[in-house]
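A short write-up of the structure that comes next.
Number of protein chains: 2
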Amino acid sequence: MSHGSPLPEPRPAGEKGRRARSIDEFAVGDRVSVRRVFDDAAVRAFAELSGDFNELHVDDGYARRSRFGRRVVHGMLTASLFTRLIGMELPGRGTIYLGQQLRFTAPVFVGDEVEAVVEVTAIDRARRRMTLATTVTRADGKPAVVG
Amino acid sequence: MSHGSPLPEPRPAGEKGRRARSIDEFAVGDRVSVRRVFDDAAVRAFAELSGDFNELHVDDGYARRSRFGRRVVHGMLTASLFTRLIGMELPGRGTIYLGQQLRFTAPVFVGDEVEAVVEVTAIDRARRRMTLATTVTRADGKPAVVG
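So the sequence lines, in the order shown, correspond to chains W and S. In terms of the working numbering, the first sequence opens at residue 3 and continues consecutively. In terms of the working numbering, the second sequence opens at residue 3 and continues consecutively.
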């Protein structure tokens, strides 16, 4: 689950369609999604950026001998799909990201496609806050990240 | 708060000091930390990787006119310090990251130093699970991410 607060500021003139949307323009059930494959280059870039070079993510031989059998995408990299959807689409521009709960329920393997979905589950118009359900699902239908 | 499960597998021979630690080697109060500055290059790399090009992160002019006055590091990038500490140090090698709760309590600005701390708060030896307190604090002492 995730909490965000869409703010109506600032709205530069002449950028039609890119302004921050008011909380009144959203409804429970609004939903956006994105599909993505985290390939080797993405996983290595995230390892560099985060400093997390855990062998399960970056070492084929180690991963093969582990219970997973294959290299696993960093959970936090998979979860970065949420920041993209929330920061860019729903609620998008002007959002203040207040929090995110993450449960890593199944591994996402390097090179496999996943789909992230963000859906509005509650709107508190008085406090100008929205609650979003956030899920990443693997191609086999298994939920990998639930928040 | 974060949950992890250190697994005693696999332990390649001849890699002294790099093997996965058993859960019996950890104690409540064990603590690791790291200091980091997220500079412009790191924020742009994360924007590329996640697809989150929200102006608050990447556009100086927009950020200046916003309530924050400066560009803000993606919350999820700041939180990547946890995956580094958890994946590499505590519990480190062999860890399965089960979940992470994140509250973004204050903005982290591009170029400012922060400190991430991970501390063991509970150990369930029967289920082989550890609970960790995870915090990122700004140089002015304000907590920025609490989990």
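Where a beta carbon is used, it is the ideal one built from N, C-alpha and C, also for glycine. Note that the structure is a prediction, hence the values are computed from the model and not measured.
(request) Please state whether DSSP places S:T107 in a helix, a strand or coil. (result) Annotated three-state conformation of S:T107 is coil, per DSSP.
(message) Going by DSSP, what residue range makes up the beta strand (DSSP E) through W:A124?
(response) W:A124 -> beta strand (DSSP E) spans E115 to D126.
(request) Answer yes if the region 74 to 88 of chain S comes into contact with the region 30 to 46 of chain W, meaning at least three C-beta pairs across the two stretches below 8 angstroms, and no otherwise. (result) No, the region 30 to 46 of chain W does not touch the region 74 to 88 of chain S.
(message) Please report the distance separating the alpha-carbon of W:R140 from that of W:F70.
(response) A straight-line Cα-Cα distance of about 15 angstroms links W:R140 and W:F70.
(request) Scan the region 13 to 69 of chain W and note each continuous alpha helix (DSSP H) run of 4 residues or more that stays entirely inside, going in chain order. (result) Qualifying alpha helix (DSSP H) stretches, in chain order: 42 to 52, 57 to 60 and 62 to 67.
(request) Measure the C-alpha to C-alpha separation of W:E91 and W:T136 and round it to an integer number of angstroms. (result) When the Cα atoms are used, W:E91 and W:T136 turn out to be separated by approximately 13 angstroms.
(message) Among the candidates S:Y64, S:G89, S:A146 and S:D114, whose CA atom is the shortest distance from the CA of S:R23?
(response) Nearest option by C-alpha distance: S:G89.
(message) For W:Y99 and W:A108, what's the separation of their Cα atoms in angstroms?
(response) In this model, W:Y99 and W:A108 are separated by some 25 angstroms (Cα to Cα).
(request) Can you grab the Cα-Cα spacing for the pair S:K144 / W:S4, in whole Å? (result) Spanning the alpha carbons of S:K144 and W:S4 requires a straight line of approximately 22 angstroms.
(message) Less than 7 angstroms between the C-beta atoms of W:L104 and S:G53, yes or no?
(response) Not closer than 7 angstroms, so no.
(request) Count the CB pairs spanning the region 25 to 39 of chain S and the region 110 to 125 of chain S that are closer than 8 angstroms, and state whether there are at least three. (result) At 8 angstroms Cβ cutoff, the stretches touch.
(message) Could you tell me the alpha carbon to alpha carbon distance between S:V60 and S:V138, rounded to whole angstroms?
(response) The alpha-carbon atoms of S:V60 and S:V138 are separated by roughly 21 angstroms.
(message) Out of W:M132, W:V110, W:R127 and W:P93, which one is the CA nearest neighbour of W:A81?
(response) Closest option to W:A81, Cα to Cα, is W:V110.
(message) As a quick exercise: from W:S68, W:I25, W:G96 and W:L83, pick the residue whose alpha carbon is nearest that of W:V116.
(response) If we check each option's Cα against that of W:V116, W:L83 comes out closest.
(message) Given a cut-off of 7 angstroms on the beta-carbon distance, is the pair S:L58 and S:A49 in contact?
(response) In this structure, S:A49 does not lie closer than 7 angstroms to S:L58 by Cβ.
(request) Return the residue from the list W:R130, W:G63 and W:T85 that minimises the CA-CA distance to W:G35. (result) Gly is not the amino acid found at residue 35 of chain W; the sequence shown has Ser there. Nearest in C-alpha terms to W:S35, of all of W:R130, W:G63 and W:T85, is W:T85.
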